[in-house]
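Protein chains in written order, with this note's numbering: chain A, 1 to 235; chain B, 1 to 248. Just so you know, even glycine gets a beta-carbon here, dropped at the ideal spot from N, CA and C. Each remark here refers to the structure printed beneath this line.
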């Protein structure tokens, strides 16, 4: 599905990724974890072609992504911070993104699911953080793409929306899609992900199931397993 | 573009055109006054709007980058959106009052259209330069600073330096040098073009005669337009080039 080979990226003097090798198979939920500034977002943005790597190869669905933009038809991406043009209305934004990609009717269902009807005519600049995130989720999930990338999907969501998001993610998984998630909420990750990828200092430190991580670190629960990796390497 | 600023800009030119016509009561005189305004103001507005638009739409750009769109088409689209709407404001804002005043029956129509053409060129050039600056500078304040400096340099400082060189080397034949010097600055080039078209080159003295010989001919005119086109094409190419390598 996604293959990353020997990926290097430097921002100025700051070496963010130093030789990431990762291959993600089709189907299932993969959580990308790591401390702040470990390069999770950079990795994801490299897959999307928003960050141009210094070195290395990325293929998405057997297409090399270099100098290519069509492969993004097959990716739904949820950006970390939902910054939308503030003078657009929610309705207009949804329509515009549909025009750019392809027509879909899925948005109606998602708008109902997240109870966004009262906000459709409001300008994006006037929405609260959580509501913006819901609009963001609608924009991401309304296309039926085989690869979904979610960067911190839970930010700002209330508990009921969080439950709906989890249901939504599980439903997409049932359809056989591949879902890539980054999050700092460990309980969320533990609940939904099949496999985790742990990034540390620009490299893949661990890849496997949660059970495997628990065994490796000798910790009974997931949260402590993650914490033990961090203390062992940073203390 | 959903920008009320382009309407403000349009209204400004509309007002300027009307006021000038009422005060001057003469089309060709109004054209001269307009030239002075356009030569300085159009590049300034192009620069500021270009930089402002780029920084303001940054989030939007990031949204678009995740969509299946080519980078070059995103940035060229934004550039053309700004540059063309500014040009439209200029052409319509100035054109309407002059048309109502009876431009078509007047002999000043060619001078006036030359004025609008160079104005459009200047908008295209300076918006492209502004986008270049904004693309290369993440820091908004820095970007704005460089953009204003660029405008100040080309609109004012360049002339000063140019004049000083001419004075320093006044013992040498300078026709060619001054011609080339004028060609290299789009603002100077536009100004000279319009002045000569208005047939007031007598004001320029001996150099005026040399200039007239060059710019007055159709050859000179074509070369000048080629230069202006080069000034548009080079920054636009750099926009495409730079945007392909940038991280977001």
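For residue i, the three-state DSSP class (helix, strand or coil)
i, result
"residue 65 (chain A)", "coil"
"residue 151 (chain A)", "strand"
"residue 242 (chain A)", "Look at the range of chain A in this structure, 1 to 235, and you will see that residue 242 (chain A) is not part of it."
"residue 41 (chain A)", "helix"
"residue 146 (chain B)", "helix"
"residue 174 (chain B)", "coil"
"residue 110 (chain A)", "helix"
"residue 276 (chain A)", "Any answer about residue 276 (chain A) is impossible in this case: the structure gives chain A only from 1 up to 235."
"residue 230 (chain A)", "helix"
"residue 222 (chain A)", "helix"
"residue 235 (chain A)", "Its pLDDT being 47, under 50, residue 235 (chain A) is placed unreliably in this model, and the coordinates cannot settle the point."
"residue 198 (chain A)", "strand"
"residue 182 (chain B)", "helix"
"residue 81 (chain A)", "coil"
"residue 57 (chain A)", "strand"
"residue 129 (chain A)", "helix"
"residue 192 (chain B)", "helix"
"residue 105 (chain B)", "coil"
"residue 248 (chain B)", "coil"
"residue 1 (chain B)", "The pLDDT assigned to residue 1 (chain B) is 46, lower than 50, so where the model puts this residue is not dependable; a value taken from the coordinates is nonetheless given after this. It is coil, neither helix nor strand."
"residue 43 (chain B)", "helix"
"residue 34 (chain B)", "helix"
"residue 244 (chain A)", "Outside the shown range of chain A, which is 1 to 235, sits residue 244 (chain A), and nothing can be said about it."
Contact test: residue i Cβ vs the ligand MN heavy atom, cutoff 7 angstroms
i, result
"residue 148 (chain B)", "Ligands are entirely absent from the displayed structure, and the ligand MN is therefore not among its contents."
Element boundaries [beta strand (DSSP E), containing residue i]
i, result
"residue 19 (chain A)", "14-24"
"residue 3 (chain A)", "2-11"
Rounded Cβ spacing between residue i and residue j (contact assumed at less than 8 angstroms)
i, j, result
"residue 151 (chain B)", "residue 15 (chain B)", "The pair is not a contact, with the Cβ atoms about 23 angstroms apart (cut-off 8 angstroms)."
"residue 218 (chain A)", "residue 182 (chain A)", "With a Cβ gap of about 26 angstroms, residue 218 (chain A) and residue 182 (chain A) do not count as contacting."
"residue 199 (chain A)", "residue 43 (chain A)", "7 angstroms"
"residue 41 (chain A)", "residue 3 (chain A)", "Not a contact, Cβ separation roughly 20 angstroms."
"residue 179 (chain A)", "residue 11 (chain A)", "That belief does not hold up - the Cβ atoms of residue 179 (chain A) and residue 11 (chain A) are roughly 27 angstroms apart, past 8 angstroms."
"residue 130 (chain A)", "residue 157 (chain A)", "6 angstroms"
"residue 154 (chain B)", "residue 187 (chain B)", "5 angstroms"
"residue 28 (chain A)", "residue 167 (chain A)", "Contact doesn't hold; Cβ gap of about 17 angstroms is too wide."
"residue 10 (chain B)", "residue 92 (chain B)", "6 angstroms"
Same chain, Cβ closer than 6 angstroms to residue i, five either side skipped, listed in chain order
i, result
"residue 229 (chain A)", "none"
"residue 126 (chain B)", "43, 46, 47"
"residue 107 (chain B)", "none"
"residue 162 (chain B)", "181"
"residue 94 (chain A)", "107"
"residue 111 (chain B)", "31, 197, 198"
"residue 1 (chain B)", "For residue 1 (chain B), the predicted structure reports a pLDDT of 46, less than 50, and the residue's modelled location is therefore unreliable. The matter cannot be settled from this model."
Terminal residues of the alpha helix (DSSP H) in which residue i lies
i, result
"residue 79 (chain B)", "71-101"
"residue 25 (chain B)", "From DSSP, residue 25 (chain B) is part of no alpha helix (DSSP H); its letter is neither H nor E."
"residue 178 (chain A)", "Careful: residue 178 (chain A) lies outside any alpha helix (DSSP H), inside the beta strand (DSSP E) at 178-182."
"residue 31 (chain A)", "Not the alpha helix (DSSP H): residue 31 (chain A) falls in the beta strand (DSSP E), residues 28-33."
"residue 242 (chain A)", "Examination of residue 242 (chain A) is not possible in this model, given that chain A is present from 1 through 235 alone."
"residue 60 (chain B)", "58-65"
"residue 122 (chain A)", "Per DSSP, residue 122 (chain A) belongs to no alpha helix (DSSP H) and is neither H nor E."
"residue 172 (chain A)", "159-174"
"residue 126 (chain B)", "109-136"
"residue 207 (chain A)", "Careful: residue 207 (chain A) lies outside any alpha helix (DSSP H), inside the beta strand (DSSP E) at 203-208."
"residue 189 (chain A)", "186-192"
"residue 225 (chain B)", "218-245"
"residue 90 (chain A)", "90-100"
"residue 158 (chain B)", "158-168"
Close-in-space but distant-in-sequence residues of the same chain around residue i (CB under 8 angstroms, 5 per side omitted)
i, result
"residue 104 (chain A)", "98, 142, 143, 144"
"residue 57 (chain B)", "78"
"residue 220 (chain A)", "214"
"residue 122 (chain A)", "89, 90"
"residue 234 (chain B)", "none"
"residue 88 (chain B)", "6, 10"
Residues near residue i by beta carbon distance below 7 angstroms, same chain, minus five either side
i, result
"residue 18 (chain A)", "8, 202, 203"
"residue 223 (chain A)", "186"
"residue 189 (chain B)", "182, 183, 224, 227, 228"
"residue 144 (chain B)", "51"
"residue 130 (chain B)", "46, 47, 50, 51, 147"
"residue 51 (chain A)", "9, 42, 45"
ask   = Which residues, in chain order, does the region 112-133 of chain A contribute to contact with chain B at a C-beta distance below 8 angstroms?
value = none
ask   = Looking at chain B, which residues of the region 67-89 of chain A have a Cβ within less than 7 angstroms of any of its Cβ atoms?
value = 69, 70, 72, 73, 77, 79, 83, 84, 85, 87
key: Interface residues of the region 59-70 of chain B facing chain A [CB-CB below 8 angstroms]   = 59, 60, 62, 63, 64, 65, 66, 67, 68, 69, 70
key: Members of the region 39-62 of chain A near chain B, C-beta cut-off 8 angstroms   = 45, 48, 49, 50, 51, 52
ask   = Which residues, in chain order, does the region 91-103 of chain A contribute to contact with chain B at a C-beta distance below 8 angstroms?
value = 97, 100, 101
task = Taking a Cβ distance cut-off of 7 angstroms, strictly less, list which residues of the region 229-248 of chain B are near chain A, in chain order.
result = 245, 247, 248
ask   = Just by C-beta distance, which residues in the region 29-63 of chain B are closer than 9 angstroms to chain A?
value = 56, 57, 58, 59, 60, 62, 63
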